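Contents: one structure, followed by commentary.
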Amino acid sequence: MQKYLEAIRSKVCDVCIDGVFDAAGHFVKCGLPSDRTCPVEFYLPELVDVIESVESPLMDDYVEVLRERICSHCQENEEGICALRIKAECPLDTYFMLVAEAIEEVRGEKSGHVSTN
Numbered sequence: 001m002q003k004y005l006e007a008i009r010s011k012v013c014d015v016c017i018d019g020v021f022d023a024a025g026h027f028v029k030c031g032l033p034s035d036r037t038c039p040v041e042f043y044l045p046e047l048v049d050v051i052e053s054v055e056s057p058l059m060d061d062y063v064e065v066l067r068e069r070i071c072s073h074c075q076e077n078e079e080g081i082c083a084l085r086i087k088a089e090c091p092l093d094t095y096f097m098l099v100a101e102a103i104e105e106v107r108g109e110k111s112g113h114v115s116t117n
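For the sequence shown, my numbering gives the first residue as 1, with consecutive numbering after it.
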């Protein structure tokens, strides 16, 4: 899981609106309040499972599985509504495409197919 976490951090934390950055614009630390854990890190094993379970060129297919497997156990209510997602305050939702990309890159390295992107 460490390789996945490192890859995700390098893609997501550097652009995350919750990040704390130095004067040069370099990421220093996560700026989420101490009573909140970044869902990207909290649900990392489940995220890897989501990405590995979907074979599709459509991001919507990945998002559907994300909603079923993770969002339904997080802040989402019975109607599928998440206040954090609605207010664009869920890093997992906001940065899911980057998270998926990072996971796929690590998977490619493990299988010997390194992405050239």
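All C-beta atoms, glycine included, are put in the ideal place defined by N, C-alpha and C. What you are looking at is a predicted structure, and each value in this text was computed from that prediction instead of being measured.
Residue closest to residue i, alpha-carbon to alpha-carbon, out of the options
i      : options                     : result
Glu89  : Lys29, Thr37, Lys3          : Thr37
Leu44  : Lys110, Asp18, Cys30, Phe96 : Phe96
Ala24  : Asp14, Arg107, Ser56        : Asp14
Phe42  : Phe21, Leu92, Val54         : Leu92
Thr94  : Ser34, Ser72, Asp18, Met1   : Asp18
Val63  : His73, Ala83, Val50         : Val50
Ser119 : Pro39, Arg69, Leu98         : Here the chain comprises residues numbered 1 to 117, so residue 119 is not present and cannot be evaluated.
Leu47  : Gln75, Pro33, Leu66         : Leu66
As assigned by DSSP and simplified to three states, the class of residue i
i     : result
Cys38 : coil
Val20 : strand
Lys87 : coil
Glu79 : coil
Leu98 : helix
Val54 : coil
Cys71 : helix
Met1  : coil
Val15 : coil
Tyr62 : helix
Beta-bridge pairing of residue i - partner residues as DSSP gives them
i     : result
Lys29 : Val20
Where residue i falls, given that 16 or more other Cβ within 10 Å makes a residue buried
i      : result
Val28  : exposed
Val118 : Lying before the first or after the last residue shown, residue 118 is absent from the chain, which here runs from 1 to 117.
Leu58  : exposed
Val20  : exposed
Three CB pairs or more closer than 8 Å across the segment 3-23 and the segment 96-104: Flag = yes, the segment 3-23 and the segment 96-104 touch.
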